[in-house]
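Comments concern the structure below.
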């Protein structure tokens, strides 16, 4: 087994995807946290995009982009977390990209500076989640009863949404009972629970307050 180091920012949902995959596959790894507001030079030298996650293998080989990292981790440790059928595998990859779209829409919602922008992004997010609800069609996990890389990709989506619903008056999962159940299934899974730092919620609220986002005014008492 190669030596694996995951370079991370504590609140990054894309890093969480790779942590979940590492934990699901039982791959030993070290994690190194950086400050994205003050990226160290050594990180900029190995990350072409300047983003996390970055996977460093045996201290020298570099991979970036969470979907690519997860595909690599899946291929080096059987059994696969992808469907065997080529069409189903491709479909899973497509919906993983859809999950990235949801993550970025949620980010724009959290960072919105005024009510109009917030309301627009909230509507966009609700529309995307309704599409996902129809695709899920009542299944326990994305492909049925088996956890997959698609579930690893969507778990941080639901962590973010449940965080917002817990601390702010957002109602994002209202009207999507299937997604609520899927979220529960994912968030109760050990690999998902252990994919974030213990003070994830506190750090997330601090970051939102520092950004002076509109959503801070919706903080529950």
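Residue numbers (full-length UniProt numbering): 1 to 221.
Glycine included, every Cβ here is placed at the ideal spot set by N, Cα and C.
Can you tell me the Cα-Cα spacing of residue i and residue j, whole angstroms?
i	j	result
residue 28	residue 3	8 Å
residue 156	residue 212	23 Å
residue 141	residue 176	15 Å
residue 63	residue 37	22 Å
residue 194	residue 40	26 Å
residue 84	residue 90	10 Å
So, using beta-carbon positions, are residue i and residue j closer together than 8 Å?
i	j	result
residue 129	residue 208	no
residue 70	residue 18	yes
residue 32	residue 5	yes
residue 118	residue 214	yes
residue 95	residue 45	no
residue 23	residue 204	no
residue 14	residue 66	yes
residue 187	residue 159	yes
residue 172	residue 126	yes
residue 34	residue 57	no
Sorted by chain position, which residues of the same chain lie with C-beta nearer than 6 Å to residue i's C-beta, five sequence neighbours on each side aside?
i	result
residue 75	none
With DSSP as the reference, identify every bridge partner of residue i, one or two as the case may be.
i	result
residue 54	7 and 64
residue 144	141
Using a Cβ-Cβ cutoff of less than 8 Å, which residues in the same chain neighbour residue i once the five nearest sequence positions on both sides are dropped?
i	result
residue 165	171, 172 and 173
residue 26	77
Inset, instruction - Mind listing, in chain order, the continuous beta strand (DSSP E) runs of no fewer than 3 residues lying wholly within the stretch 174-212? - result: none
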